[in-house]
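Engineer: Before we start, here is the structure in question, set down as structure tokens.
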Ligand SMILES: [Zn+2]
């Protein structure tokens, strides 16, 4: 049995096919002509449409509109759109202005309460801090920051000062743990002042380090400012490209308490400019 359904009897089919084949031949030519016309029409409309799009986007003077060029590593947030992967259930978190999706190598990357990174943001070119310069094992930071720290560490050691890194890169998950711990042990206001919300910690960039010393019993406290190691760092950090990130009296700009132990690598030139003028990184970038 054929899969095609046939109408009418089998008898006389041959004559019917012969007669109709000529008719079909003529009809096919007409259809072909119509088909060609349609193809030409569709092509014409397509080309017109494409040209129209190009004309809409291209400014008259041939230059590229600045507004149309987005930094590919930064996503601007509009309205109440949540940043990628961020837990928005915690109260008191200020709205983000933008969020970084990947590391484009910018040493002046700004991460604070208003400028974040996505959960899966990973800094490039990380190295592990040698145990002789670390309080714990497996502390990682970016190579540029590490090379500068080694130089600073050696010069300080030659002058009789000894300190080490006790915190470098922190992942989103680790920062979340720290923040939740802060919320559990402090008031909400204190937690926001003393601890960064996950995705908004400068430590996530691999360019921030916390420094302590044996004389401090490896602890982090504001007392470090009155210890010889803390004073040496305050005086010399900029010569190696580091800035004291959260300064005294600038809490309303940085959003954090004074942290004499937290240093941020920005490169020598910028560090010297910032520290000599006594301004914050936000002020330097015009983001305060
Ligand atoms: Zn820190």
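Residue numbers (our numbering): 7 to 294. Idealized CB from N, CA, C, for every residue including glycine. Keep in mind the model is a prediction, meaning the values are calculated, not measured.
1) Out of 211, 179, 117, which has the shortest C-alpha to C-alpha gap to residue 146?
2) Between 204, 282, 136, which has its C-alpha nearest residue 247's C-alpha?
3) Please list, following the chain, all residues that have a C-beta closer than 5 Å to any non-hydrogen atom of ligand 1.
4) Within 10 Å of its beta-carbon, does residue 219 have 16 or more other beta-carbons around it, so buried, or fewer, so exposed?
5) Considering only residues of the same chain and omitting the five flanking positions on each side of residue 74, which have a CB-CB separation below 7 Å?
6) Just verifying my parser: in three-state terms, what is the DSSP assignment at residue 193?
7) Using a 10 Å radius around the Cβ and a threshold of 16 neighbouring Cβ atoms, would you call residue 275 buried or exposed?
8) Identify which residue in 288, 128, 151 has its Cα closest to the Cα of residue 205.
9) Return the residue from the list 226, 116, 243 that minimises the CA-CA distance to residue 172.
10) Between residue 150 and residue 113, which are expected to be in contact by the criterion C-beta below 8 Å, what is the C-beta distance as a whole number of angstroms?
11) Could you tell me which uninterrupted beta strand (DSSP E) segments, each at least 3 residues in length, are contained entirely in the region 232-267, listed from first to last along the chain?
12) In terms of residues, what are the limits of the beta strand (DSSP E) holding residue 173?
13) At what residues does the alpha helix (DSSP H) containing residue 149 begin and finish?
14) Counting C-beta neighbours from all protein chains within 10 Å, is the total for residue 256 16 or more, i.e. buried, or is it exposed?
15) When DSSP builds the beta bridges, which residues end up paired with residue 270?
16) Going by Cα to Cα distance, which pick from 118, 122, 101 is closest to residue 108?
17) For residue 188, which three-state DSSP category applies?
18) Roughly how many whole angstroms lie between the Cα atoms of residue 166 and residue 252?
19) Should residue 37 be labelled buried (16 or more other beta-carbon atoms within 10 Å of its own) or exposed?
20) In whole angstroms, what separates the C-alpha of residue 5 from that of residue 286?
21) Report the rounded CA-to-CA distance for residue 223 versus residue 272, giving the unit in angstroms.
22) Could you tell me the distance, in whole angstroms, from the CA atom of residue 152 to the CA atom of residue 133?
23) Any idea if residue 31 is buried or exposed, counting beta-carbon neighbours within 10 angstroms, 16 or more meaning buried?
24) For a quick check, are the C-beta atoms of residue 244 and residue 197 less than 8 Å apart?
25) Whole-angstrom Cβ separation of residue 169 and residue 217, contact assumed at under 8 Å?
26) Quick check on the burial criterion: 16 or more other C-beta atoms within 10 angstroms. Buried or exposed for residue 292?
27) Alpha carbon to alpha carbon, how far is residue 124 from residue 264?
Structural biologist: Let me spell this out:
1) Walking along the chain shown from the start, residue 146 turns up at place 140. Of the candidates 211, 179, 117, the one whose C-alpha sits nearest the C-alpha of residue 146 is 211.
2) As a position in the chain shown, residue 247 is number 241, starting the count at 1. Ranking the options by Cα distance to residue 247, first place goes to 282.
3) The set, ordered by position in the chain, is 216, 268.
4) Counted from its first residue, the chain shown places residue 219 at position 213. With 16 or more Cβ atoms within 10 Å of its Cβ, residue 219 is classed as buried.
5) Residue mapping note: residue 74 aligns to position 68 of the chain shown, counting from 1. Bear in mind that the predicted position of residue 74 carries a pLDDT of just 33, short of 50, making it unreliable; the figure below should be weighed with that in mind. Taken in chain order, the list of residues that qualify is empty.
6) Along the chain shown, one-based indexing puts residue 193 at 187. Coil, per DSSP.
7) As a first step, residue 275 must be located in the chain shown, where it is residue number 269. So residue 275 ends up on the exposed side.
8) In the chain shown, residue 205 corresponds to position 199, counting from 1. When each option's Cα is compared against that of residue 205, the closest is 128.
9) One-based indexing of the chain shown puts residue 172 at position 166. Measuring from the Cα of residue 172, the nearest candidate turns out to be 226.
10) In the chain shown, counting from the first residue as 1, residue 150 sits at position 144. In the chain shown, counting from the first residue as 1, residue 113 sits at position 107. The C-beta distance from residue 150 to residue 113 rounds to 7 Å, short enough to meet the 8 Å contact threshold.
11) Counting whole runs of 3 or more residues, the region 232-267 contains the beta strand (DSSP E) stretches 248-250.
12) Against the chain shown, residue 173 aligns to sequence position 167. Looking at the DSSP string, the run of the beta strand (DSSP E) that includes residue 173 is 170-173.
13) Mapped onto the chain shown, residue 149 falls at position 143. Here the alpha helix (DSSP H) through residue 149 covers 149-164.
14) Position 250 of the chain shown, counted from the start, is the residue given in the question as residue 256. With 16 or more other Cβ atoms within 10 Å, it is buried.
15) For the purposes of this step, residue 270 is identified with residue 264 of the chain shown, where counting begins at 1. Bridge partners of residue 270: 214, 249.
16) In the chain shown, counting from the first residue as 1, residue 108 sits at position 102. It is 122 whose Cα lies nearest to the Cα of residue 108.
17) Taking the chain shown and counting its residues from 1, the one referred to as residue 188 is at position 182. Three-state result, residue 188: helix.
18) For this step, residue 166 is matched to residue 160 along the chain shown. For this step, residue 252 is matched to residue 246 along the chain shown. Going from the Cα of residue 166 to the Cα of residue 252 covers about 26 Å.
19) Position 31 of the chain shown, counting from 1, holds the residue named residue 37. So residue 37 counts as exposed.
20) Given that the chain is displayed from residue 7 to residue 294, the structure contains no residue 5 and the question cannot be resolved.
21) Taking the chain shown and counting its residues from 1, the one referred to as residue 223 is at position 217. Taking the chain shown and counting its residues from 1, the one referred to as residue 272 is at position 266. Cα to Cα, residue 223 sits roughly 28 Å from residue 272.
22) One-based indexing of the chain shown puts residue 152 at position 146. One-based indexing of the chain shown puts residue 133 at position 127. Taking the straight line from one Cα to the other gives about 7 Å.
23) Stepping through the chain shown from its first residue, residue 31 is reached at position 25. With a pLDDT of 45 at residue 31, under the threshold of 50, the predicted position of this residue should be treated as unreliable, though the coordinate-derived value follows. Its Cβ having fewer than 16 others within 10 Å, residue 31 is exposed.
24) Along the chain shown, read from residue 1 onward, the residue named residue 244 stands at position 238. Along the chain shown, read from residue 1 onward, the residue named residue 197 stands at position 191. Their beta carbons are not under 8 Å apart, which means residue 244 does not touch residue 197 by this criterion.
25) Indexing the chain shown from 1 puts residue 169 at position 163. Indexing the chain shown from 1 puts residue 217 at position 211. Contact flag correct, Cβ pair sits at about 5 Å.
26) As a working note, residue 292 is residue 286 in the chain shown. By the neighbour-count rule (16 or more Cβ atoms within 10 Å), residue 292 is not buried but exposed.
27) Translated into the one-based positions of the chain shown, residue 124 becomes position 118. Translated into the one-based positions of the chain shown, residue 264 becomes position 258. Cα-Cα distance, rounded: 26 Å.
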